[in-house]
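Listed in order, the protein sequences are those of chains A and B.
Each residue of the first sequence is one higher than the one before, starting from 3 at the first, in my numbering.
Each residue of the second sequence is one higher than the one before, starting from 703 at the first, in my numbering.
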Amino acid sequence: MSRLLRWLIPLSAVPVLALLAYGFRTDPRDVPSPLVGRPAAAFALTTFAGEPVSLDGLRGKVVVLNFWASWCYPACYEEAPVLERGWQQWRERGVVVLGVDIQDTEDKARKFMDQFRITFPNAPDTTGRVSIDYGVYGVPETFFIDRRGYIRSKHVGAVTEAVFRAAVERLLAEPSEPRAGG
Amino acid sequence: MTPELGQGALIVAFALALWGGAAAAVGARAGRPALVESAQHAALGVFVLLTLAFALLVYAFLTFDFSVRYVASNTNLGTPYYYRITAVWGALEGSIILWGWMLALYTLILVLRQRERARELYPWALAVMLGVMAFFLAVMTVAAPPFARLTPVPADGRGLNPLLEDTGMITHPVALYLGFTGFTVPFAFAVAALATGRLGDAWISLTRRWTITAWYFLSLGLLIGGWWSYHVLGWGGYWAWDPVENAAFMPWLTGTAFLHSVMIQERRRMLKLWNVALVILTFGLTLFGTFLTRSGVIGSVHAFSQGAVGVFFLAFLGTVLLLSLGLLAWRWDALRAQGELDSVVSRESAFLLNNVMLVAATFTVFFGTVFPLLSEAVRGVKVSVGAPFFNQVNVPLFLGLVFLMGVGPLIAWRRASVDNLRRNFLWPVAVGAVSAAVFFALGVRSTLAVLSLAVAVFVAATIAVDLGRAVRARRRVGERALPALAGLLTRHNRRYGGFVVHLGILVIAVGVTGSQAWSVQTETTLKVGEAAQLAGYRVRFDGLGTVEESNHFKVVGNFTVQNGRTRPAVMQPSKKFYPQEQTPIAGVDYWLGLTEDLYLVLGDFTRDGGQATIKIQVNRLVSWIWIGGFVLTLGAALAVMPERRKAA
């Protein structure tokens, strides 16, 4: 083999490394949810505070529906303050953050909410019905529902400030009633 | 305080490894023994500090120190103490520290054993070992710190992944990592050979036993992984071509190729280049495997965390490949073969063919594993590559490899004469052919099964022919048969250790063949009192029970099982509900037997317990796989024993 050609041996590793590096840009868990773009499934739950809450009752508001559990460490612990701040900041503009606690015990869930001083409504999904209807695969998962009651996006893993802001602002910018034909 | 101490130990160890690596390299280049000596002290220091850090992490687990993020993520108050210890390596940070500790241990053994023996190669090898060590310590201190604190401190932790609460998971990672890290030693010596230009077989003889040890642990890790998959996951199989399984299998394939190809270099001074390349490839694949499992780049049932670790590993993999392959290109002229292949019908060519097939299998597995990534990069489509692809390409290759296992050890070097072929292979071929007819007559109709069983018989016969001849030769000089056999095994332990390993592989091959060809299963829903039949077993559903365990709730199905004349017995497959898991975990119940296993998995059930779905499997010859693993263990132990031939 000539003097130059032999250097092709180390260079042959480069395309493989490039392909693997490309892998960082993809997310194998990012499987698109078939629910996005469809009407959100109706539900009626009772919050930890004892008040009834249903999706129908929230029509006309942008709903941030967050599935969580007290044992979901660390992602739920990371996003709890973000959700609380989001609720404080956007509630005046017609955004509701609603937490659904799944597969949990009540005392642990209450402790979790106390720990983060959560003030937005939270309800236990005692039968697991709601999480099944929304195809929840793991916690946390968050659904952004527009004013017409359609699921517009879904976020898997801890919600960050940026994700929250982008999703909510996009839905708030839309007119609340569909235009004719829309 | 404990976590800070642990973190501090890791940081100091990192500095020591960096210093030691540099000192050994400079000492080797400039011929300054004082520097090399300093590097040795550094290696000892790294080992002591990592032992301390590991012990501190175990302590944090035992005392439920949830202020440590890693402890809180992988244990909770309900985790029994023995699983609290093994939970230490149940996830990323802890498994990296275990890996690092093993590497430090290997480095220390290298210092103790080789420092007097290989004066030229040793300092470079030490430099490489400490360099790799420094990388792992960088991961531990920067990308995945095991002692990172957590605020606020949770009252209870998340708990260990329930699938890892099993003895198989205690030993599987340990064996696997001993295998992975073990290949660092031959790699280090290969780089030392390239750096010094001493490309003879010195580096190969020095690392022979290291390589066999690493190869053995890797084999053991794979087998225990299969056993875990079989009796914990509840799908009735032991191998699924999952990316993470493939990641551990690829270095095994290239490592196996290396074990064989070195013999040609020792004997014929051929394949120098090939051997260096194989070791680099094997070491690279162990890093690739870690990258794959830790980066989250390719989806897998083995869910691991994502994060900066992937970037670290990719950068290191790139550095290792470019540097070592660069060295190889630089030494190209010196590496070119001196010997030549005399004949296609020779042991050299049998070994070459073995190597080509092993590397082809590696390439297939690699291609299938990264194909989803390739497809997304090129076409933007998410696809997954399933078992059929891997099986279609690999089964013929493996069949060919098993066949070569019979040919390689007996065929003559250089050029096999017709007489040599007749003397060694006439009987085995005849026995193999007759066995094929017998299997067919016994009702085996699958061509693949007949073929692989007959090949296995052929190989076993070659081993018998060789052993028989050697024992007869010793009896002629007056030894009795059994002492003669024992003498052969211990005096020519390298050759006969290899034979025993081959026997183990044969037994495994028979197990794989049988389980693929003859296993049967059924899935049915039974009311209380109803029974299902499968392959002579009668399985009656007697109702459900519940058990509250320390960290989960268990629903147990009671089944009475009867097989022909045997007395009825109770089997209790279960479903375990862990609060932190979305889906229940299957608790398989099984009977293991030499010819078949009965394997029960509880499916759905009604709330009142009046009805349950049960999956019944009768898995054939699976136990042979585990028995083969045991035989392989004996063979590997025999092969790594010091050679006593010269002393005798």
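Glycine included, every Cβ here is placed at the ideal spot set by N, Cα and C.
Fair warning: this is a prediction, and the values are worked out from it, not measured in the lab.
Beta carbon of residue i nearer than 8 Å to that of residue j
i	j	result
I1165/B	G1330/B	no
A1186/B	W9/A	no
G643/B	S1148/B	For residue 643/B there is no data in the structure shown, the boundaries of chain B being 703 and 1350.
L805/B	T886/B	yes
P271/A	D103/A	In the structure as shown, chain A begins at 3 and stops at 184. Residue 271/A is therefore absent and cannot be evaluated.
V99/A	L85/A	yes
V1061/B	A959/B	yes
A741/B	G729/B	yes
L1106/B	N1126/B	no
G56/A	F45/A	The question names Gly, but residue 56/A in the sequence shown is Ser. In contact: S56/A and F45/A (Cβ atoms closer than 8 Å).
G1014/B	V841/B	Looking at the sequence provided, one finds Phe at residue 1014/B rather than Gly. Yes; because the gap between Cβ atoms is below 8 Å, this pair is in contact.
R154/A	L174/A	no
I1316/B	G1259/B	yes
I1/A	L37/A	The shown model of chain A, from 3 to 184, leaves out residue 1/A, and the question about it has no answer.
A666/B	A904/B	Nothing about residue 666/B can be reported from this structure: the residues present for chain B run from 703 to 1350 only.
G923/B	G881/B	yes
W930/B	G870/B	yes
V1104/B	V1161/B	yes
S1048/B	A1118/B	yes
L832/B	G722/B	yes
A1036/B	V1203/B	no
V1312/B	K1229/B	The sequence shown places Gly at residue 1312/B, not Val. In contact: G1312/B and K1229/B (Cβ atoms closer than 8 Å).
T956/B	L935/B	no
Status (buried if at least 16 other CB within 10 Å, exposed otherwise) for residue i
i	result
A182/A	The predicted position of A182/A is uncertain, since its pLDDT is 43 and thus under 50; a value taken from the coordinates is nonetheless stated next. Under this definition A182/A is an exposed residue.
S921/B	buried
P54/A	exposed
A1350/B	A caution first: A1350/B carries a pLDDT of 36, below 50, which makes its placement in the model unreliable, though a value can still be read off. Exposed: under 16 other Cβ atoms inside 10 Å.
I798/B	buried
R1082/B	The amino acid occupying residue 1082/B in the given sequence is Gly; Arg does not appear at that position. Exposed, because fewer than 16 other Cβ atoms sit within 10 Å of the Cβ of G1082/B.
S1026/B	buried
V1249/B	exposed
F674/B	This structure does not reach residue 674/B, given that chain B is present from 703 up to 1350, and the question cannot be answered.
D1310/B	exposed
Q967/B	buried
Y1239/B	buried
A51/A	exposed
M1059/B	buried
E867/B	buried
Q709/B	buried
Q1282/B	buried
V784/B	For the sequence presented, residue 784/B should be read as Tyr rather than Val. With fewer than 16 Cβ atoms within 10 Å of its Cβ, Y784/B is classed as exposed.
E108/A	exposed
R851/B	exposed
I134/A	exposed
V876/B	buried
N1093/B	exposed
I1267/B	One detail in the question is off: residue 1267/B reads as Arg in this sequence, not Ile. Classification of R1267/B: exposed, given that the 10 Å Cβ count is below 16.
R5/A	exposed
C-beta neighbour in chain E for residue i, strict 8 Å
i	result
L1024/B	Reference to chain E is not applicable here, since the protein chains of this structure are A and B.
Residues in the stretch 832 to 866 of chain B with C-beta within 9 Å of chain A's C-beta atoms, listed in sequence order? L852, P854, P856, A857, D858, G859, R860, G861
Would the stretch 705 to 716 of chain B count as touching the stretch 731 to 751 of chain B if we require 3 or more Cβ pairs under 8 Å? Counting C-beta pairs closer than 8 Å gives three or more between the stretch 705 to 716 of chain B and the stretch 731 to 751 of chain B, which meets the contact rule.
Report the residues of the stretch 775 to 796 of chain B with a CB closer than 9 Å to any CB of chain A, ordered along the chain. S775, N778
Please name the residues in the stretch 1054 to 1080 of chain B whose beta-carbon is closer than 8 Å to at least one beta-carbon of chain A, in chain order. Cβ proximity to chain A below 8 Å picks out V1072, P1074, L1075, L1076, E1078, A1079 from the stretch 1054 to 1080 of chain B.
Any chance the stretch 1236 to 1249 of chain B sits against the stretch 767 to 781 of chain B, with 3 or more Cβ pairs inside 8 Å? no
Report the start-end ranges of each beta strand (DSSP E) in the stretch 1175 to 1263 of chain B that is 3 residues or longer and not cut off at the edges. 1222 to 1229, 1233 to 1236, 1239 to 1250
Using a beta-carbon distance cut-off of less than 9 Å, what residues from the stretch 973 to 995 of chain B approach chain A? Of all residues in the stretch 973 to 995 of chain B, A979, G986, F990, F993, L994 have a Cβ within less than 9 Å of some Cβ in chain A.
Listed in chain order, which residues of the stretch 12 to 31 of chain A have Cβ atoms closer than 7 Å to some Cβ of chain B? When CB distances to chain B are screened at a threshold of 7 Å, the residues of the stretch 12 to 31 of chain A falling below it are P12, A15, L19, L21, L22, A23, Y24, G25, F26, T28, P30, R31, in chain order.
What residues in the stretch 138 to 170 of chain A bring their beta carbon closer than 9 Å to a beta carbon of chain B? V138, Y139, G140, V141
I want to know whether the stretch 1214 to 1231 of chain B touches the stretch 1332 to 1342 of chain B - three or more CB-CB distances under 8 Å. Taking 8 Å as the limit for Cβ pairs, the verdict is that the stretch 1332 to 1342 of chain B does not touch the stretch 1214 to 1231 of chain B.
If you pair each beta-carbon of the stretch 1268 to 1279 of chain B with each one of the stretch 1295 to 1309 of chain B, do three or more pairs fall below 8 Å? yes
Indicate whether the contact test is met: 3 or more Cβ pairs, each with one atom in the stretch 945 to 954 of chain B and one in the stretch 979 to 997 of chain B, closer than 8 Å. Two segments are said to touch when three or more pairs of C-beta atoms, one from each, lie closer than 8 Å; by this definition the stretch 945 to 954 of chain B touches the stretch 979 to 997 of chain B.
According to a CB-to-CB cut-off of less than 9 Å, which residues of the stretch 1200 to 1221 of chain B neighbour chain A? none
Identify each residue in the stretch 1028 to 1039 of chain B for which the Cβ-Cβ distance to at least one residue of chain A is less than 8 Å, and report them in chain order. The residues in question are G1028, L1030, A1031, W1034.
Where in the stretch 1285 to 1334 of chain B do unbroken runs of the beta strand (DSSP E), each at least 3 residues long, occur, reported from the N-terminal end onward? 1287 to 1289, 1291 to 1293, 1298 to 1307, 1313 to 1322
Short of 9 Å Cβ to Cβ, which residues in the stretch 92 to 107 of chain A face chain B? I104, Q105, D106, T107
Near-chain A residues of the stretch 1011 to 1022 of chain B (beta-carbon distance less than 8 Å), N- to C-terminal order: G1012, V1013, L1016, L1019, G1020
Would you list, in sequence order, the uninterrupted alpha helix (DSSP H) runs of no fewer than 4 residues that lie entirely inside the stretch 832 to 901 of chain B? 869 to 884, 886 to 898
Pick out the complete alpha helix (DSSP H) segments inside the stretch 1060 to 1133 of chain B, 4 residues or longer, and give them in chain order. 1089 to 1109
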